[in-house]
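If you read the sequence shown in the working numbering, its first letter stands for residue 7, the second for the next number, and so on. Where a beta carbon is used, it is the ideal one built from N, C-alpha and C, also for glycine. Step one of this worksheet: look at the structure below.
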Amino acid sequence: GIYSMYSKDLVTWTPGPTPFTKTVFPAWINTYVKGATDGDGVAVFHGGFWAPDIIFMNNQYYLYYSCSEWGTMTSTIGCVTNKTLDPADPNYQWEDVGFLGIWSYQPGLALNAIDPSVSRGHDGRIWMVYGSFNERGIVVTELDSVTGKPKTYSNNLPGLSIAHSWTGPNTNDYAEGEGACLFYRDGYYYLVYNKGGCCAGINSSYYMVIGRATSARGPFYDKASKALRNPGAKSGGTVVFKHDDTRGTEDRFYGPGHFGLYSENGTDYVSFHYYVPNWPYPGQPSGGPTLGLAKLVWGSDGWPSISMSFLDQGVYTIKNVNSGKVLDLQLHQAVNGRYLFQYTEDKNHPTQQWKLTPLGTGEYTFRNMGDTTLYLEATGANNDESLRVTTAYTGAINQKFRLIQSINGSVIVYPSKSDKLLEIPNAYTSDYQVKLWANTNHNCQRWTFTRLDPPVAVSQHAMNAVRLHPNPADDYLLVEGVNGQWLGIYTLDGKLVMAKQTSTGTEKLAISHLPAGTYVLTLTSEGGRISEKFVKQ
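Encoded structure:
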């Protein structure tokens, strides 16, 4: 059926009820979606419900869903309504809206009716985008906020094609482009959708692209002013999220896709799915489908990007939500090899303070302020059992950590390549060693980060003190004026291609291996981040 989960913090999720099952569903669906035959040889729908979306309007919830048979373009989109999402409420009852007038294989239309996404524009009008792997690609239609069905004015049903992805070599080859989401911000409608291929474990090539328009009906263009709809030729789309193949399994986010947006308390949260390489999935070479959470952040150019850096660089105390005790080193000793423990907070122990440095990839290093040469690392048979500090920082994957901050401010922390979280075993409240364990949704795996150093703006002097030359560069790039910052080099679509800790003075970077093009060099320190562009010839 239509699987659902609910959460009060976007981190802890609980299974919820379904409007209907694989075998009990509205009868009209069988008219438009048929796959293999039943026991009597009759072609029927086999209960494949995909990619739902929900919106509140007209004092009730409208849940849109797609129905399809795998490997076909025999699809339709339906809708059910409910006055409440609480199953305990006496008014809880899903009502079928009926056929919306949208289905695949309509005469003369190269359309695939899946992946509905519904949003409200700046003027209160309701829009639905949908579509997949076809010449019409991503389609937009305006909905009636009362009936929930598409409005009946000219060219609104089944909708207007606003984006696609021609893959060639034949004229009608559109073998990618789906999972779209439309949202409005400051004068523009932004369209995010997927190119590449889905549903193949870590062999999935899904990635997200974005474009924008002044109207929900387009035309949409990317940051380079290339159209997202370009019949018979490669379409535009600025890349906003893509697996870094050069890192292999060290980048856990294979095939990121199906962008979703949720805003609360001034923060824009992004949901997405991806394949994590840590466990097998039936029928796939490797990798299991996983829910991801990130943030949408806005640049000075007015375009958004996706970030998994939930906390800024700084010095923090890290307190366990369950015990109220803080992360510390064994016996408060800043010594190489000491394991991570929890102790009662004591400001006289600098070992209870940690310096977080974002690496620009959603990953962080943790350094202990008792001795800032001590870096946190995961250890054990598969680097997924316990945690200690080391002076031998190499940038290895077990020395990089990820974190996700929930709406209520609590944080989960895990080694970059692992699925195990930092926790206090058995929810002990006594002085005890910190371990790594699979998610149990318990507060012994939740932490609060309290920043001790106020953020400092980067001064113009600091920006002027750094000089890149030669620019354009060929084999080497000299970076003058560095002073212990973390250096990163990124492609214009946000891919990290080089990272290192600088010393003091001048860094000579070997860049002969980089393809020709424009890059962004960043220097990150406690005072903030400096960015400069350079050209590799």
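Rounded to whole angstroms, how far is the Cβ of residue i from the Cβ of residue j, which I believe are closer than 8 Å?
| i | j | result |
| --- | --- | --- |
| L2 | W133 | The structure shown has nothing for residue 2, since the chain only spans 7 to 543. |
| G368 | R408 | 6 Å |
| T323 | Q358 | 6 Å |
| L317 | L362 | 6 Å |
| S167 | G183 | That belief does not hold up - the Cβ atoms of S167 and G183 are roughly 11 Å apart, past 8 Å. |
| R373 | V417 | So it is not a contact: roughly 17 Å between Cβ atoms. |
| P164 | V86 | Wrong, their Cβ atoms sit about 20 Å apart, outside the cutoff. |
| Q411 | D480 | Actually they do not touch by this definition, with Cβ atoms about 42 Å apart. |
| A33 | S81 | Wrong, their Cβ atoms sit about 17 Å apart, outside the cutoff. |
| H128 | Y190 | 5 Å |
If you reduce the DSSP assignment to three classes, tell me which class residue i lands in.
| i | result |
| --- | --- |
| G54 | coil |
| R344 | coil |
| D102 | strand |
| T357 | helix |
| H264 | strand |
| A119 | coil |
| C204 | coil |
| P93 | coil |
| Q543 | coil |
| G41 | coil |
| A479 | strand |
| G143 | strand |
| T173 | coil |
| M11 | strand |
| A444 | strand |
| T378 | coil |
| G272 | coil |
| D307 | coil |
| Q319 | coil |
| R253 | helix |
| S465 | Residue placement at S465 is poorly supported in this model, since its pLDDT is 47, which falls under 50; the coordinates still yield a value, given next. It is coil, neither helix nor strand. |
Compute the distance between the beta-carbons of residue i and residue j, then report whether it is under 8 Å.
| i | j | result |
| --- | --- | --- |
| T524 | R535 | no |
| G84 | L106 | yes |
| V276 | R258 | no |
| G487 | R473 | yes |
| R344 | R394 | yes |
| D390 | A384 | yes |
| L483 | T512 | no |
| T435 | S329 | yes |
| Y496 | V541 | no |
| Y38 | M79 | no |
| D364 | S315 | One point to set straight first is that residue 364 is Pro, not Asp, in the sequence displayed. Taking 8 Å as the Cβ cut-off, P364 and S315 qualify as a contacting pair. |
| S74 | G54 | yes |
| A181 | V198 | no |
| N64 | V152 | yes |
Can you find the residues in the same chain that come closer than 6 Å, C-beta to C-beta, to residue i, ignoring five residues on each side of it along the sequence?
| i | result |
| --- | --- |
| K155 | L106 |
| N284 | D425 |
| G298 | F278, Y280 |
| D15 | S412, I413, N414 |
Could you pull out every residue in the same chain whose Cβ sits closer than 7 Å to the Cβ of residue i, ignoring the five residues on either side in sequence?
| i | result |
| --- | --- |
| Y212 | N200, G202, G203, C204, G261, P262, G263 |
| Y98 | N88, T90, D92 |
| L520 | V503, K542 |
Can you list, in chain order, the residues of its chain whose CB lies under 8 Å from that of residue i, leaving out five sequence neighbours each side?
| i | result |
| --- | --- |
| S13 | W19, T20 |
| P122 | A57, P58, D59, Y70, Y71, S72, I83, M134, V135, Y136 |
| R223 | V146, L166, I168 |
| Y227 | G217, R218, A219, A233, L234, G242 |
Taking only beta-carbon atoms, is residue i less than 8 Å away from chain D?
| i | result |
| --- | --- |
| T20 | Among the chains of the structure shown, chain D does not appear; only one protein chain is present. |
If you measure from the CB of residue i, is any heavy atom of the ligand ATP nearer than 7 Å?
| i | result |
| --- | --- |
| V332 | This structure lacks the ligand ATP; in fact it carries no ligand of any kind. |
So within the segment 382-409, which uninterrupted beta strand (DSSP E) runs reach at least 3 residues, ignoring any that extend past its ends? 392-396
Taking only runs that begin and end inside the segment 484-539, name each unbroken beta strand (DSSP E) of 3 or more residues, in chain order. Secondary structure within the segment 484-539: the beta strand (DSSP E) runs of 3 or more consecutive residues, fully enclosed, are 492-497, 502-507, 510-516, 523-531 (chain order).
Report the start-end ranges of each beta strand (DSSP E) in the segment 180-225 that is 3 residues or longer and not cut off at the edges. 184-191, 194-201, 213-219
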